[in-house]
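Order-wise, the sequence lines are chains A and B. Read in numbering that gives the first Met the number 0, the first sequence has 25 at position 26, and its numbers run on one by one without any break. Read in numbering that gives the first Met the number 0, the second sequence has 22 at position 23, and its numbers run on one by one without any break. The C-beta atom is built at its ideal place from N, Cα and C for all residues, glycine as well. Quick caveat: nothing in here was measured; it's all calculated off a predicted structure.
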Amino acid sequence: MERIPILKMGDLLLVTIQVDMHDRLAMTLQDDLTARIVKDRARGVLIDISALDIVDSFIGRMISNTAAMARVLDARTVLVGMQPAVAITLVELGLTLHGVRTALNVEQGVKLLQRPE
Amino acid sequence: MNQYDVAALNLPIRSDEDVVRLRQSVREQMIGAGFSLIDQTKMITAASELARNTLRYGGGGEAHLHKLQNGLRRGIGLTFVDHGPGIPDIAQALADGYSTGGGMGLGLSGAKRLADEFDIESAPGQGTTVKISKWKPF
């Protein structure tokens, strides 16, 4: 089955979404990430969406849910790399990524996760 | 009156993969018509929401993609048709946050905000037809 790879960087997990995601793939990623947080004892998750052309309400919900699950497992989530057109569209769509922190790129995201809360 | 281009595309919406293919077709048409990246993104996102509704609530159906022309104005139109159970209360379904599925309840209302024109026809047992269009600014 098609899967999105999850990379381990120290105590962080990095996911770079590079395919046009369908709903089943988004749900699989949510499950895989939650399992990997526990398995790898990750303290932070970086979700890089710089290659995503759109974020609709379903993908948005997946990101929000993943962040909430990570939070329960004592890991923080940062969404990075959102394209300007995606940000404009999200706001017009009315989607708020509740509980999700964002950074401009992976580097800024790592910095954010390394800072104490 | 809009003149519909004869070379309209008919796309089936029967699976998750069809939704992805539809998004790609909408992108190609929007690029071909010379829309800005922001307008492309808005229309593709609206199409994604409506295609998901067609699949989840309508039990599948199809989308028609067509070019629009009104005088000198040009645009792209999308029509989603399903023969599912229909929507008993359209006003309620259009309200933000109303969801019978697993979404955030932004499918219809969000698509309406992202498109320039939005039209919905539905009745219980009759299926649902949703039309959206995006016009190129002069």
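Given residue i as reference, the closest of the options once Cα atoms are compared
i         : options                                  : result
His82(B)  : Phe34(B), Ser108(B), Ser35(B), Gly126(B) : Gly126(B)
Arg112(B) : Glu91(A), Ala102(A), Ala34(A)            : Glu91(A)
Gly43(A)  : Ala69(A), Leu89(A), Ala25(A), Thr95(A)   : Ala69(A)
Asp118(B) : Thr128(B), Gly109(B), Gly124(B)          : Thr128(B)
Arg55(B)  : Ile131(B), Ile86(B), Lys41(B), Gly33(B)  : Ile86(B)
Ala50(A)  : Val37(A), Arg100(A), Ile3(A)             : Ile3(A)
Asp55(A)  : Gly59(B), Lys41(B), Gln68(B)             : Lys41(B)
Glu120(B) : Arg13(B), Asp88(B), Ser98(B), Ser132(B)  : Asp88(B)
Ile37(B)  : Arg100(A), Gly98(A), Ile87(A), Thr101(A) : Ile87(A)
Thr107(A) : Pro83(A), Leu32(A), Leu45(A)             : The question names Thr, yet the displayed sequence has Gln at residue 107(A). Minimum Cα distance to Gln107(A) is reached at Leu45(A).
Gly107(B) : Arg51(B), Asn69(B), Ala122(B)            : The sequence shown places Leu at residue 107(B), rather than the Gly named in the question. It is Arg51(B) whose Cα lies nearest to the Cα of Leu107(B).
Asn9(B)   : Val80(B), Asn69(B), Ala32(B), Ser98(B)   : Val80(B)
Leu199(A) : Ala84(A), Leu12(A), Asp47(A), Leu103(A)  : No statement about residue 199(A) is possible, as the shown extent of chain A runs from 0 to 116 and does not include it.
Rounded C-alpha distance that separates residue i from residue j
i         : j         : result
Val5(B)   : Pro11(B)  : In this predicted model, Val5(B) has a pLDDT of only 49, less than 50, meaning its place in the structure is not dependable; the value taken from the coordinates is given anyway. If I take the Cα positions, the gap works out to 18 Å.
Gln39(B)  : Ala46(B)  : 10 Å
Val150(A) : Ile5(A)   : Outside the shown range of chain A (0 to 116) lies residue 150(A), about which nothing can therefore be said.
Asp115(B) : Phe137(B) : 14 Å
Thr15(A)  : Val79(A)  : 9 Å
Leu96(A)  : Met61(A)  : 10 Å
Leu64(B)  : Gln28(B)  : 9 Å
Leu72(A)  : Ile30(B)  : 43 Å
Leu24(A)  : Asp15(B)  : 9 Å
Leu105(B) : Ala92(B)  : 9 Å
Arg134(A) : Asp10(A)  : It is not possible to answer for residue 134(A), since the shown part of chain A is limited to 0 through 116.
Pro115(A) : Thr65(A)  : 21 Å
Leu112(A) : Arg75(A)  : 7 Å
Gly74(B)  : Arg35(A)  : 45 Å
Lys135(B) : Val109(A) : 40 Å
Asp19(A)  : Leu71(B)  : 34 Å
Lys66(B)  : Thr27(A)  : 36 Å
Ala7(B)   : Leu89(A)  : 29 Å
Gly57(B)  : Arg20(B)  : 18 Å
Pro84(B)  : Gly60(B)  : 12 Å
Asn69(B)  : Arg22(B)  : 24 Å
Arg100(A) : Val77(A)  : 5 Å
Ala32(B)  : Lys7(A)   : 42 Å
Asn1(B)   : Asp47(A)  : With a pLDDT of 48 at Asn1(B), under the threshold of 50, the modelled position of this residue cannot be trusted, and the question is left open.
Gln82(A)  : Val18(B)  : 21 Å
Endpoints, the beta strand (DSSP E) within which residue i is located
i         : result
Gln68(B)  : 60-69
Ala102(A) : 100-102
Glu116(A) : Careful: Glu116(A) lies outside any beta strand (DSSP E) and carries neither H nor E.
Val44(A)  : 43-47
Leu93(B)  : First-last for Leu93(B): undefined, no H or E at that position.
Leu107(B) : Unbroken run through Leu107(B) is the alpha helix (DSSP H), 106-113; no beta strand (DSSP E).
Supposed close pair residue i, residue j - CB separation, criterion 8 Å
i        : j         : result
Ala77(B) : Ala90(B)  : The amino acid occupying residue 77(B) in the given sequence is Leu; Ala does not appear at that position. No, Leu77(B) and Ala90(B) are not in contact; Cβ-Cβ is about 22 Å, not under 8 Å.
Ile43(B) : Asp22(A)  : The Cβ separation is near 15 Å, so there is no contact.
Glu48(B) : Gly109(B) : 6 Å
Thr34(B) : Lys133(B) : The displayed chain sequence assigns Phe, not Thr, to residue 34(B). Contact flag correct, Cβ pair sits at about 7 Å.
Ser63(A) : Gly98(A)  : 6 Å
Opening and closing residue of the alpha helix (DSSP H) in which residue i lies
i         : result
Ser132(B) : Unbroken run through Ser132(B) is the beta strand (DSSP E), 126-134; no alpha helix (DSSP H).
Ala66(A)  : 56-71
Ile37(B)  : 36-55
Thr88(A)  : 83-92
| message | Give me the subset of the segment 40-51 of chain B whose CB atoms are less than 7 Å from a CB atom of chain A, sorted by chain position. | response | Thr40, Lys41, Ile43, Thr44, Ser47, Glu48, Arg51
| When you check each C-beta in the segment 35-56 of chain A against every C-beta of chain B, which residues fall closer than 8 Å? | Asp52, Ile53, Val54, Asp55, Ser56
| Relative to chain A, which residues along the segment 107-126 of chain B have a C-beta separation below 9 Å, given in chain order? | Ser108, Gly109, Ala110, Arg112, Leu113
| field | Cβ-based contacts, 7 Å cut-off: residues of the segment 83-98 of chain A near chain B | value | Ala84, Val85, Ile87, Thr88, Glu91, Leu92, Gly93, Leu94
| Closer than 8 Å, Cβ to any Cβ of chain A: which residues of the segment 18-42 of chain B, in chain order? | Val18, Val19, Arg22, Gln23, Arg26, Leu36, Ile37, Gln39, Thr40, Lys41
| Can you list, in chain order, the residues of the segment 13-25 of chain A whose Cβ is nearer than 7 Å to any Cβ on chain B? | Asp19, His21, Asp22, Arg23
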